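Residue numbers (UniProt numbering): 1 to 224.
This is the structure we're talking about:
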C-alpha cells in the first residue's frame, strides 16, 4: 500500500480541514482508512520525533497480534508517542548512578482516556487524560477500545454539572446499533459486593474517573 500513497502537506489548519472534507471518503470507505490515519499522524509528528517520544528506542507503535501500543494511542490522542498515561515525566534512580526516564502526557489532552487497567492497579491515568478539554473518552477495556462521550460540552468546566449527568457509549467493534445512555450520579455511593461482583467492566472504567458513582444503564442490559 505504501507504493500507492500520495503525500499531501498542509501548513495551515484551515487548509487541512478543507482537504479532509474533500477526501474524507478515503478515510471512511474500504480497509485503508486506519492505515492512512496512522501514517498521517506519524508523518505529522515526524519519524524521528516519534522515536524520541518512546521510553525505549526499540518500542513499537504496533504490538503483538497487530494490537496498537500505548505509544500509538497517545500519538493519536495527544500528538506525542509517549509510552505512559501518567502526567509529565518520572525519573527513576537505580541507585548506581543510572537514571531511567519514563515519559508521560505533558499537557491536557483534547480527548481523554479511561482504562480498565487502572481499576486493577496496573497503571495510573493522569488528570491530563482523565480530565480532557472535551468530554470525550477513549475507553481501554476487554482487549479493545470504545468511546464514552457527554453531550454537555461544559461538563468538566463546572463541578456542579458532574453531580448527575449522562454519558453515551459506543463500541464500533460490537457493530452497536442501539443507543446506550448511562446516567452517572456522583451524589450517591455505589455499594460493592466483592464476593459476588458482576460489575460491568465499563462501570469500573467510569469509576476510575468518578469514584464510587452510581451508574444507571437506563433499561439497556449491562455489558458484562
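Built from N, CA and C at the ideal position, the CB exists for glycine as well.
Please read all numbers here as calculations on a predicted model, not as lab measurements.
Buried or exposed by the 16-neighbour rule on C-beta atoms within 10 Å, applied to residue i
i	result
residue 53	buried
residue 174	exposed
residue 207	buried
residue 127	exposed
residue 184	buried
residue 98	exposed
residue 95	exposed
residue 23	exposed
Paired residues, beta bridge with residue i - DSSP
i	result
residue 207	Beta-bridge pairing links residue 207 to no other residue.
residue 169	148, 180
residue 164	185
residue 87	105
residue 137	112, 148
residue 68	62
residue 100	92
residue 215	184
Residue nearest to residue i in terms of C-alpha spacing, selected from the options
i	options	result
residue 114	38, 135, 21	135
residue 274	14, 222, 154, 44	Residue 274 lies beyond the range of the chain shown here (1 to 224); nothing can be said about it.
residue 34	46, 15, 67, 16	67
residue 123	86, 168, 6	86
residue 223	133, 25, 14, 200	200
residue 4	197, 36, 14	36
residue 171	191, 161, 144, 190	144
residue 59	179, 25, 102	102
residue 108	92, 158, 129, 50	129
Pair within 7 Å by beta-carbon distance, residue i and residue j
i	j	result
residue 125	residue 76	no
residue 141	residue 116	yes
residue 182	residue 217	yes
residue 88	residue 100	no
Residue i versus residue j: straight-line alpha-carbon distance, rounded
i	j	result
residue 8	residue 81	22 Å
residue 84	residue 176	30 Å
residue 57	residue 39	19 Å
residue 31	residue 163	42 Å
residue 119	residue 204	6 Å
residue 12	residue 19	11 Å
residue 110	residue 70	17 Å
residue 220	residue 47	44 Å
residue 65	residue 2	21 Å
residue 244	residue 6	Past the edges of the chain, shown from 1 to 224, lies residue 244, and the structure says nothing about it.
residue 138	residue 186	21 Å
residue 149	residue 90	30 Å
residue 131	residue 155	10 Å
residue 152	residue 214	19 Å
residue 121	residue 92	19 Å
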